[in-house]
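To start, the structure itself, in C-alpha cells.
Protein chains: 2
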Amino acid sequence: MATAISPTENTLSISPNTHQTHNRFHFSKRPSFKFPLQTSFNTLHVNSTRLRISASSAQLMDQSLNEFTINDPTIVEVHLGDRTYPIYIGSGLLDQPHLLQRHIHGKKVLVVTNTKVAPLYLDKTVRALTDGNPNVTVETVILPDGEKYKDMDTLMKVFDKAIESRLDRRSTFVALGGGVIGDMCGYAAASFLRGVNFIQIPTTVMAQVDSSVGGKTGINHPLGKNLIGAFYQPQCVLIDTDTLKTLPDRELASGLAEVIKYGLIRDAEFFEWQEKNMEALLSRDPAAFTYAIKRSCENKAEVVALDEKEGGLRATLNLGHTFGHAIETGLGYGEWLHGEAVAAGTVMAVDMSYRLGWIDESLVKRVFDILQRAKLPTSPPESMTVEMFKSVMAVDKKVADGLLRLILLKGPLGNCVFTGDYDRKALDETLQAFSKS
Amino acid sequence: MATAISPTENTLSISPNTHQTHNRFHFSKRPSFKFPLQTSFNTLHVNSTRLRISASSAQLMDQSLNEFTINDPTIVEVHLGDRTYPIYIGSGLLDQPHLLQRHIHGKKVLVVTNTKVAPLYLDKTVRALTDGNPNVTVETVILPDGEKYKDMDTLMKVFDKAIESRLDRRSTFVALGGGVIGDMCGYAAASFLRGVNFIQIPTTVMAQVDSSVGGKTGINHPLGKNLIGAFYQPQCVLIDTDTLKTLPDRELASGLAEVIKYGLIRDAEFFEWQEKNMEALLSRDPAAFTYAIKRSCENKAEVVALDEKEGGLRATLNLGHTFGHAIETGLGYGEWLHGEAVAAGTVMAVDMSYRLGWIDESLVKRVFDILQRAKLPTSPPESMTVEMFKSVMAVDKKVADGLLRLILLKGPLGNCVFTGDYDRKALDETLQAFSKS
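Read top to bottom, the protein sequences are chains S and R. Each residue of the first sequence is one higher than the one before, starting from 1 at the first, in full-length UniProt numbering. Each residue of the second sequence is one higher than the one before, starting from 1 at the first, in full-length UniProt numbering.
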C-alpha cells in the first residue's frame with residue numbers, strides 16, 4: 001500500500017482495478033487506497049511496501065513466461081478522465097490493423113518517423129493503417145535520426161508536411177520510432193491547428209517504458225533538454241515487441257535504465273524480479289520484455305494518473321535525470337543515449353542519498369551491480385566538470401524560485417523523496433566525487 | 001434565451017450569473033438555461049433573442065456613460081472550471097498594482113512586448129508589477145512590431161530570453177501589446193517548460209475584445225495564419241482603456257470589426273447600440289469603450305465557456321474570418337490589419353448569406369453601413385483573385401474531411417449558422433463578385 005510520511009491535506013482515492021490484463025499473469029484485485037497529492041514545496045515521500053502482484057506471483061511469473069499468448073495484446077489503461085487511453089503491448093501487434101484503426105477518426109494520417117526506422121517498419125505501419133480501410137490516406141515525413149535533431153528546425157518539417165498535405169483538425173499524427181520521434185511528433189500534434197489526434201508506435205525500449213506514458217512532448221533548446229513542449233495525451237499507444245529484434249544493444253540497455261528506475265523509486269518487487277531476470281531481458285526474451293514493459297507502464301501510469309502536470313509525485317520519475325540531463329547537455333545531445341546518462345545520474349543520486357545517510361550501503365551496491373549487468377555506465381564521462389553539472393542543473397525544470405529539488409532514495413528499496421530540503425554539502429561532495437573540479 | 005434549431009443530444013446547463021459587475025450598469029439576473037453543444041458535423045444554428053441586459057438598460061446606458069466610476073475596474077469572469085480567470089476593464093488600471101500582483105506566484109516575470117508599445121507602456125507595466133513587491137524580478141523581451149513577425153523565429157527569441165534569464169516553472173509571462181504579442185507570448189507561455197503562468201495586458205481594441213478571451217494562442221506558418229499554437233488560458237487579463245489614447249486610427253477601426261461581429265452573430269441589441277454610438281467609439285469616449293469591450297468580452301466569454309476547444313459553437317466567432325484570412329495570407333501578413341480583412345470578409349459572408357436566401361436585403365445594407373461608418377473596408381483589395389481565395393480557404397482550420405464549413409448569417413439580425421451544408425454556387429458567385437477570376 002502506498003503511503004506518505006509528509007503532512008498533506010489533499011487526498012485522492014483511486015479505483016482498485018486500474019489495469020486490464022488479457023494475458024495469463026494473475027494479478028490480485030487490489031483494494032482501493034488513498035494516495036497523497038503533493039502540494040508544491042513540501043518534501044514528498046513515496047514508498048512502495050504495497051504488493052501489487054499476489055504473493056505467489058513472482059514464482060508464477062518465472063514459470064509462465066513461456067506460456068504467454070503472444071498475439072493477445074496486454075492492455076494497460078492510462079486513467080486521465082476523458083483523455084484515458086490504452087497501451088497495447090505484445091508480439092505481432094502491427095499485424096493486427098483493427099488495433100490502430102479503431103483510433104483513427106478522420107481521413108488523413110501523417111506518419112512521422114526517421115531514416116533508421118522507416119526502412120524497417122514504415123511499410124508495415126502503413127499497411128496496418130490502411131488494410132481494409134480505403135478511406136484513409138497516409139502521408140509520411142521521414143526525419144533525420146538522433147537527439148540532436150530534436151529541435152525547432154526539424155519540428156517545422158513536420159508542420160510543413162502537414163500543411164502541404166492539407167491535413168485538417170480531424171487528422172491523426174502517428175509517431176513511429178523512439179523517444180525523439182514520439183516527443184517531436186507529440187508536440188507537433190499538440191500544436192498543429194492547436195491540437196490534432198495522436199498515436200504512438202514506440203520502437204525502442206526507452207520509448208516503450210517511458211515516453212509512451214504520460215503525455216510529455218517537446219523539443220530541446222540549445223541550452224537545455226525538453227525546455228519547449230506540451231502535456232498532450234495520445235489516443236492509444238501500440239507496442240509491438242517484435243520491433244525490439246532490430247534494436248541495437250546500446251539502445252536496448254539505455255531503455256533498461258528506466259525499467260530499473262521504476263523498481264528503485266516505487267516497486268521493490270519489480271526490482272527483485274529484474275535482478276533475477278536481467279539475462280532474459282538482455283537476450284530479448286519476448287515474454288520477459290512484455291512483462292517488463294507492462295509493469296513499467298503500469299507504474300508510470302499510476303503516477304501520471306495521480307499527478308498529470310507534475311505537481312510533485314510525478315517528479316519522482318526523474319530519479320537520476322537531473323544529473324543525467326547535465327551529462328547529455330554537457331556532452332552535446334546524442335553523444336550518450338538518454339538512458340546511459342540516466343544510469344550514471346542514478347548512481348550519482350544514490351551516492352548522494354547515501355552521503356545524506358538516507359539509505360544503506362547495500363542498496364548502493366545493488367544499484368551499481370544491476371546497472372553494470374545491464375551494460376550501462378555507472379559514472380559520468382571524464383570530460384564532465386563540477387561547473388558543467390552546476391550550470392545545466394541551474395536551469396532544470398524542477399528548480400522553483402531558485403531552489404533545485406532532487407529525487408533521492410530514502411529508506412528501504414522502493415522508497416524515494418522529491419525534495420529541495422537536503423544538505424548542499426552532500427550535493428557538492430557527490431559532484432566532486434564524480435567529476436573534475 | 002439562446003436556443004437551437006438543429007437536433008442535438010448534448011445539453012449543458014450554465015449557471016445564471018456568469019458576470020461580476022463592479023460598475024453602475026444594472027444587469028438583470030438571468031435564469032439558468034440550457035444550451036446545445038455542437039456535435040461535430042451538423043449545422044449549428046444560433047440566435048440571440050435573449051436580452052442579457054434588463055429592459056430599461058439600453059436607455060440607462062446612454063445616460064450613465066458619464067457617471068461611470070473610472071477607477072473601479074469592470075470585471076468579466078471567463079468561466080472555465082479550474083482555469084476560470086477575470087478580465088479587468090477600465091481607465092487607469094495600470095496604476096493599480098494590486099490587480100496584477102495578486103496573479104503573480106513566482107519570483108520572476110518576463111514581459112513580452114514590441115518596439116512600438118515598449119516606449120509607451122513598458123515602464124508603467126514594470127512599476128505595476130514591482131511597486132511594493134521587491135521580491136519580483138522583471139525581465140523584458142522587445143520584439144519587432146507586426147503580424148509578419150508572428151513566426152517561429154521571433155517566438156524563439158522569447159524562449160532564448162526566458163532560458164537565459166533562468167526562468168522556472170513558477171515564472172509568469174506577461175503579454176504587453178496587441179493581438180500578435182498576446183498570441184505569441186501565450187504560445188510561448190504554453191510551451192515553455194510545458195506551461196507557465198501567463199497574464200495579458202492588451203493595448204489595442206482588437207486584442208481587448210478578441211484575443212483577450214478564449215485562450216487561443218499561436219503563430220503563423222508561411223502557408224497560413226495561426227496554424228501552429230495551443231489553447232492556453234491566462235491567469236488574468238488587464239485592459240486599461242487609457243492605452244487606447246495612443247492607438248492609431250486604423251488600429252482602432254480594425255478592432256471595431258470584431259465588436260460589430262458580436263452584434264451580428266449573437267447580440268442584436270448590442271449591434272443596435274453600436275449603430276447609435278459609433279461616433280462615441282470613433283472619438284474614443286472611455287465610457288463607451290469600456291462598455292463595448294465589456295459586452296464584447298461577455299459575448300465571447302459565454303461562447304468560450306460553452307465550447308472551449310471549438311467543437312462548433314465557438315467557430316461562429318469566426319464570421320468573416322475565412323474570407324479575411326485568405327485576404328491576409330494572399331496579400332502577405334501585415335499589409336492589411338486583421339480587422340480590416342475581417343470587415344471585408346464579413347461583407348462577403350453577408351453577401352453569400354443573402355445569395356442563399358438566408359437573410360433580408362435590409363441586413364446586408366446595415367452591415368455595409370456600419371462598417372463604412374467605422375472606416376473599415378467593405379471589399380477585398382483588387383489584387384485578390386478567386387484562385388487566391390480558394391487556395392487559402394482549402395487549408396482553413398474549419399475544413400473537416402475536405403469540406404469547408406463557413407459561418408453565415410441566417411434569419412433576423414443576431415442569428416448565424418456554422419455549416420458545410422450550403423450551395424457551392426453561392427460561394428462561387430460571392431468569390432466572383434468580389435475578386436478577379
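By construction, the Cβ of each residue, glycine as well, lies at the ideal position given by its N, Cα and C atoms.
Closer than 7 Å to chain S by CB, residue i
{"i": "Gln38 of chain R", "result": "Note on Gln38 of chain R: pLDDT 33, under 50, position unreliable in the model; the coordinate value appears next. It does not: the Cβ of Gln38 of chain R has no partner Cβ on chain S nearer than 7 Å."}
{"i": "Ala341 of chain R", "result": "no"}
{"i": "Gly357 of chain R", "result": "no"}
{"i": "Leu110 of chain R", "result": "no"}
{"i": "Val386 of chain R", "result": "no"}
{"i": "Ala209 of chain R", "result": "Here the sequence assigns Val to residue 209 of chain R, which means Ala is not the residue at that position. Not an interface residue."}
{"i": "Val303 of chain R", "result": "no"}
{"i": "Val399 of chain R", "result": "yes"}
{"i": "Phe41 of chain R", "result": "Annotation note: pLDDT 37 at Phe41 of chain R (below 50); position unreliable, coordinate value reported separately. Not closer than 7 Å to any Cβ of chain S, the Cβ of Phe41 of chain R fails to qualify, so no."}
CB contact below 7 Å: residue i versus chain R
{"i": "Val395 of chain S", "result": "yes"}
{"i": "His103 of chain S", "result": "no"}
{"i": "Gly214 of chain S", "result": "no"}
{"i": "Phe270 of chain S", "result": "no"}
{"i": "Leu193 of chain S", "result": "yes"}
{"i": "Lys300 of chain S", "result": "no"}
{"i": "Val196 of chain S", "result": "no"}
For residue j and residue i, believed in contact at Cβ under 8 Å, the rounded distance
{"i": "Trp358 of chain S", "j": "Leu409 of chain S", "result": "6 Å"}
{"i": "Val259 of chain R", "j": "Val304 of chain R", "result": "Val259 of chain R to Val304 of chain R, Cβ: 17 Å. No contact."}
{"i": "Leu155 of chain R", "j": "Ile239 of chain R", "result": "Contact flag wrong, Cβ pair sits at about 24 Å."}
{"i": "Gly175 of chain S", "j": "Met278 of chain S", "result": "The residue asked about is misnamed: residue 175 of chain S is Ala in this sequence, not Gly. Wrong, their Cβ atoms sit about 29 Å apart, outside the cutoff."}
{"i": "Met393 of chain R", "j": "Leu404 of chain R", "result": "6 Å"}
{"i": "Val158 of chain R", "j": "Val112 of chain R", "result": "6 Å"}
{"i": "Val136 of chain S", "j": "Lys161 of chain S", "result": "Not a contact, Cβ separation roughly 17 Å."}
{"i": "Lys436 of chain R", "j": "Thr378 of chain R", "result": "Not confirmed; about 17 Å, so no contact."}
{"i": "Thr204 of chain S", "j": "Gly255 of chain S", "result": "6 Å"}
Residues that DSSP places opposite residue i in a beta bridge
{"i": "Asn197 of chain R", "result": "R:Thr172"}
{"i": "Thr137 of chain S", "result": "S:Lys108"}
{"i": "Ile142 of chain S", "result": "S:Thr113"}
{"i": "Tyr88 of chain R", "result": "R:Ile75 and R:Leu238"}
{"i": "His221 of chain R", "result": "R:Gly224"}
{"i": "Pro119 of chain R", "result": "Answer by DSSP bridge pairing: none, since Pro119 of chain R is not bridged."}
{"i": "Thr419 of chain S", "result": "S:Leu406"}
{"i": "Asp178 of chain R", "result": "The amino acid occupying residue 178 of chain R in the given sequence is Gly; Asp does not appear at that position. Its beta-bridge partners do not exist; DSSP assigns none."}
{"i": "Ile202 of chain R", "result": "First, the residue type needs correcting, since residue 202 of chain R is Pro and not Ile in the sequence shown. Bridge partners of Pro202 of chain R: R:Gly177."}
{"i": "Met231 of chain S", "result": "In the sequence under discussion, the amino acid at residue 231 of chain S is Phe, which differs from the Met named in the question. According to DSSP, which records beta bridges pairwise, Phe231 of chain S is partnered with S:Lys216."}
{"i": "Tyr192 of chain R", "result": "Contrary to the premise, residue 192 of chain R reads as Phe rather than Tyr in this sequence. Answer is S:Ile228."}
{"i": "Lys436 of chain R", "result": "R:Thr385"}
Any non-hydrogen atom of the ligand NAP closer than 6 Å to residue i Cβ
{"i": "Gly178 of chain S", "result": "This structure does not include the ligand NAP; it has no bound ligands of any sort."}
Exercise for review: Please list the residues of the region 150-177 of chain R that have a C-beta atom closer than 7 Å to any C-beta atom in chain S, keeping them in chain order.
Suggested key: Met152, Met156, Phe159, Ile163, Arg166, Asp168, Arg169 and Arg170
Practice item. Anything in the region 401-432 of chain R with a Cβ closer than 8 Å to a Cβ of chain S? List those residues in chain order, please. Key: Asp401 and Gly402
Practice item. Residues of the region 76-94 of chain S with a CB closer than 7 Å to any CB of chain R: list them in chain order, please. Key: none
Point to revise | the region 222-241 of chain R: positions lying closer than 7 Å to chain S by Cβ | key: Leu223, Gly224, Leu227, Ile228, Gly229, Ala230 and Phe231
Practice item. Identify each residue in the region 107-141 of chain R for which the Cβ-Cβ distance to at least one residue of chain S is less than 7 Å, and report them in chain order. Key: Lys107
Review point. Going along the chain, which unbroken runs of the alpha helix (DSSP H) with 4 or more residues stay wholly within the UniProt domain "3-dehydroquinate synthase C-terminal" (255-399) of chain R?
Key: 268-282, 286-306, 321-331, 338-355, 361-373 and 386-393
Review point. Taking any Cβ of chain S, which residues in the region 240-268 of chain R have a Cβ under 8 Å from it, in chain order?
Key: none
Check your understanding: Given a limit of 8 Å on CB to CB distance, which residues of the region 317-337 of chain R reach chain S?
Key -> none
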